[in-house]
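*Asks:* Take 3 as the starting number for the sequence shown in my numbering and just add one per residue. Quick one: the structure is below, questions incoming.
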Amino acid sequence: MKTGATVRVTCLAVHKNGYESAPFSFSSCPTDVKGYFLAKISSSELLKNNLWEVTECKSFLENSPWPGCKVPEDTNGGITGAQLTFSRMLNGYSLSSVGPFIYNAGPQPSLTKEGY
């Protein structure tokens with residue numbers, strides 16, 4: 003079974019004293035057969051001790067594993083970035099959604115008509 007595409011998630015956080023972090027990014031797991039991906043923010047120093055709150059995250063197309071389908075489209079912000087939309091809480095995790103995002107095969111050669 004081939005693995006699916008991956009997404010890069012880039013976030014900002016705000017310190018409890020009010021200053022913003024530099025943007026930080028991480029990659030998702032490959033998508034499943036339905037196109038869903040999982041991206042977890044690691045428990046880095048940034049988020050420890052409840053000093054920081056993640057305020058904004060965007061996702062971007064990162065990689066397609068299929069050689070014949072590698073050209074990203076900006077549908078739903080796949081290239082320029084799509085704001086994660088909060089969906090619901092599940093087992094202590096905040097579930098968000100984006101997309102769908104699309105890769106295509108690129109420009110197709112045109113058929114020339116040579117007379118009748």
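Backbone N, C-alpha and C define an ideal beta-carbon position, used for all residues, glycine too.
Buried or exposed: which applies to Trp-68, given that a residue is buried once 16 or more other Cβ atoms fall within 10 Å of its Cβ?
*Replies:* Exposed is the call here.
*Asks:* With respect to the beta strand (DSSP E) encompassing Asn-19, which residues constitute its N-terminal and C-terminal limits?
*Replies:* Run containing Asn-19: none; DSSP gives neither H nor E here.
*Asks:* Report, in whole angstroms, the separation of the C-beta atoms of Glu-64 and Thr-8, which I expect to be a contact under 8 Å.
*Replies:* Rounded, the Cβ-Cβ distance is 5 Å, consistent with contact.
*Asks:* Using a Cβ-Cβ cut-off of 7 Å (strictly less than) and excluding sequence neighbours within five positions of Asp-34, which residues of its own chain qualify?
*Replies:* Gly-6
*Asks:* Is there contact between the stretch 80-90 and the stretch 99-107, where contact requires at least three CB pairs shorter than 8 Å?
*Replies:* yes
*Asks:* Starting from the C-beta of Ser-31, find all residues in its chain whose C-beta is less than 8 Å away, skip the five residues before and the five after it, and write them out in chain order.
*Replies:* According to the sequence as given, residue 31 is Cys; it is not Ser. Excluding residues within five positions, the ones whose Cβ falls inside 8 Å are Thr-8, Phe-39, Leu-40 and Ala-41.
*Asks:* Specify, as a first and last residue, the run of the beta strand (DSSP E) that Tyr-95 falls within.
*Replies:* Following the DSSP letters along the chain, one finds Tyr-95 inside the beta strand (DSSP E) bounded by residues 95-99.
*Asks:* Here's the rule: buried if 16 or more other CB atoms are within 10 angstroms of the residue's CB, otherwise exposed. What is Leu-86?
*Replies:* buried
*Asks:* CB-CB under 7 Å to Ser-66, same chain, minus the five flanking residues each way: which ones, in chain order?
*Replies:* Ala-7, Lys-72 and Tyr-105
*Asks:* If contacts are defined as beta-carbon pairs under 8 Å, then Phe-62 and Ile-43 qualify, I think. What distance do you get, rounded to the angstrom?
*Replies:* Not quite, the Cβ-Cβ distance comes to about 16 Å (not below 8 Å), so this is no contact.
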